[in-house]
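> For the protein sequence lines, the chains are A and B, in the order given. Numbers 1 to 113, taken from our numbering, label the letters of the first sequence in order. Numbers 1 to 113, taken from our numbering, label the letters of the second sequence in order. Mind having a look at this structure? Questions to follow.
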Amino acid sequence: DGGITQSPKYLFRKEGQNVTLSCEQNLNHDAMYWYRQDPGQGLRLIYYSQIVNDFQKGDIAEGYSVSREKKESFPLTVTSAQKNPTAFYLCASSIQVAKNIQYFGAGTRLSVL
Amino acid sequence: AQSVTQPDIHITVSEGASLELRCNYSYGATPYLFWYVQSPGQGLQLLLKYFSGDTLVQGIKGFEAEFKRSQSSFNLRKPSVHWSDAAEYFCAVGGFNFNKFYFGSGTKLNVKP
């Protein structure tokens, strides 16, 4: 089955700690995205990548970092600089940026201990 | 700047009643338009999309949407709502000249028995 796999489903971060959220796709899509979702605020774009070894900041990139070393993988690191990391994080992919259907993973809920 | 507006934050309808969720966008040309549905704690699932052609599009689960260029709208409709339709619905906009998707803030649908 083709799709997007996010792991873990739940993640807890201690003060001052960096944590990494995994996103893997087997759809052979070039474009991948990370969104943050807070209640009542819809989806906000953190980072996106149009192609391997390339990524761009979205609307709320501060305190986050990404890499795109392989086409199928786009991990997101929530750094200690992100002071309010508690949220639901969604990864998505599409054939090209903003021109095709986006497919979403099931999400990772990050909480602060 | 492009934007997407979903003016209704919450909507409650009775089971079996008809439903219309509103979506307006701000963009000079015709964008690509999408409706997604999200159940609590889950990712987003595509309901339907409009790229070009017939302005009335059919989607999954009995939903349809109509693109009205003169009103910059892409409203989602369903003639008879089922209890399982209770979820959050997001309108999204993309396009050939876009470098990212734009999402509305979502409409939460509650279905009364």
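A virtual CB, placed ideally from N, CA and C, is assigned to each residue, including glycine.
1. Check whether the Cβ atoms of N18 of chain A and V78 of chain A sit closer than 8 Å, and answer yes or no.
2. Below 8 Å between beta carbons is the criterion; list the residues of the region 46 to 70 of chain B that meet it against any residue of chain A, in chain order.
3. Considering Cα atoms alone, identify which of B:S70, B:N24, B:F63 is closest to R77 of chain B.
4. Quick check: is any heavy atom of the ligand GTP less than 7 Å from the C-beta of D30 of chain A?
5. If we call anything under 8 Å between Cβ atoms a contact, is R13 of chain A one with L90 of chain A?
6. What does N99 of chain B reach in chain A if we use C-beta pairs closer than 7 Å?
7. Using a Cβ-Cβ cut-off of 8 Å, state whether E16 of chain A counts as contacting chain B.
8. Anything in chain A within Cβ reach of F90 of chain B, meaning under 8 Å, just list it in chain order.
9. From what residue to what residue does the beta strand (DSSP E) around H29 of chain A run?
10. Any idea what DSSP makes of Q6 of chain B, helix, strand or coil?
11. Please go through the same chain and pick out, in chain order, the residues whose beta-carbon is closer than 8 Å to the beta-carbon of A92 of chain B, but skip the five residues on each side of it.
12. Just tell me which of B:E66, B:F96, B:C23, B:I11 has its CA closest to the CA of V81 of chain B.
13. Please work out which residues of its chain come closer than 7 Å, Cβ to Cβ, to D38 of chain A, disregarding the five sequence neighbours upstream and downstream, and give them in chain order.
14. Spell out whether any CB of chain B is found under 8 Å from the CB atom of I51 of chain A.
15. In the region 40 to 97 of chain B, which residue ranges form an unbroken alpha helix (DSSP H) of at least 4 residues, counting only runs that do not cross its ends?
According to the structure data:
1. Yes, Cβ-Cβ distance for N18 of chain A and V78 of chain A is below 8 Å.
2. Sequence-ordered contacts of the region 46 to 70 of chain B with chain A read L46, K49 [C-beta pairs closer than 8 Å].
3. Nearest to R77 of chain B by C-alpha distance, out of B:S70, B:N24, B:F63, is B:F63.
4. Absence of the ligand GTP from the depicted structure is noted, as is the absence of any ligand whatsoever, leaving it without description.
5. The answer is no: Cβ separation not under 8 Å.
6. Per Cβ cutoff of 7 Å: V97, A98.
7. For the record, residue 16 of chain A in the displayed sequence is Gly; it is not Glu. Cβ-Cβ to chain B under 8 Å: no for G16 of chain A.
8. Result: G42, L43.
9. That residue, H29 of chain A, is in no beta strand (DSSP E); it is neither H nor E in DSSP.
10. In this structure, Q6 of chain B counts as coil in the three-state DSSP scheme.
11. Taken in chain order, the residues that qualify are V4, L33, F34, W35, Y36, F101, Y102, F103, G104.
12. Closest in alpha carbon position to V81 of chain B, among B:E66, B:F96, B:C23, B:I11, is B:I11.
13. Around D38 of chain A, the same chain offers A87 as residues with beta carbons nearer than 7 Å, after the five sequence neighbours per side are excluded.
14. With its beta carbon at least 8 Å from every one in chain B, I51 of chain A lies outside the interface.
15. If we require 4 residues or more, the region 40 to 97 of chain B turns out to have no alpha helix (DSSP H) run fully inside it.
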